[in-house]
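What follows is a single structure, written as structure tokens, with notes after it.
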Amino acid sequence: MSVRNYLDFRPQIDESSYIDEAACVIGRVKIGKNSSVWPGAVIRGDINEITLGDNSNIQDGVVLHVTHELGVHIGNFVTVGHLAMIHGAKIGDNSLIGIGAIVLDGAVVGKNSVIAAGSLVPPNAVIPDGVMVMGSPAKVKRELSEAEIKSISENCMSYVNIIKDYQK
3 MSVRNYLDFR PQIDESSYID EAACVIGRVK IGKNSSVWPG AVIRGDINEI
53 TLGDNSNIQD GVVLHVTHEL GVHIGNFVTV GHLAMIHGAK IGDNSLIGIG
103 AIVLDGAVVG KNSVIAAGSL VPPNAVIPDG VMVMGSPAKV KRELSEAEIK
153 SISENCMSYV NIIKDYQK
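Using the numbering used here, the first residue of the sequence shown is number 3, and each one after it goes up by one.
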């Protein structure tokens, strides 16, 4: 894995988490328990801080980056799908960011929400709790069912379970 300092800042990664050797984690980054960062992902906390909660997964090719004014906060039980980009934004607990979605500066995604694949969440957008959004710009399409909300955390736990296979 490529875990690198930026100036005097060293990433803080819980020992239960998995960082793939082909991922890159730089600088002011805090990663919680049982979380995972997969091949090709870049988490670059150089000019501000990035936090990743517990039981969350950053899938292949994801980019997390910050601005001078805005860090990135990703809650617990969050999936950030392949090739998604989160820049200076906050993602609430138990949410899913779909494949190739983009969440821009100052946006806040509520808990229990889904950003559909390929969607663009514009700067400073506020996505409410418990909804599905899609499009460019992303718009609320509907509320999520209890089963859909439950499936988000179940998906995260499937990633927690496979961490052990990769850590062998």
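From the three backbone atoms N, C-alpha and C, an ideal C-beta is built for every residue, glycine too.
DSSP, read as helix, strand or coil, puts N50 in strand.
Burial state of R30 is buried, judged by a 10 Å Cβ sphere holding 16 or more other Cβ atoms. Distance from the Cα of S38 is smallest, within the candidate group P125, A24 and I117, for A24. Between the alpha carbons of T81 and G137 lies a distance of about 19 Å.
The DSSP-derived three-state label of N163 is helix. Taking 8 Å as the cut-off, the beta carbon of S97 is found closer than this to the beta carbon of V116. DSSP, reduced to helix, strand and coil, places I154 within a helical segment of the structure shown. Here the segment 119-132 does not lie against the segment 43-53, with fewer than 3 beta-carbon pairs under 8 Å apart. For the set D16, S153, N78 and H67, the Cα lying nearest the Cα of I33 is the one of D16.
A direct Cα-Cα distance of roughly 45 Å separates E148 from L9. In this structure, the straight-line span from the alpha carbon of H84 to that of I99 is close to 9 Å. By DSSP's assignment, A140 forms a beta bridge with G137. For E23, the secondary structure class from DSSP, reduced to helix, strand or coil, is coil.
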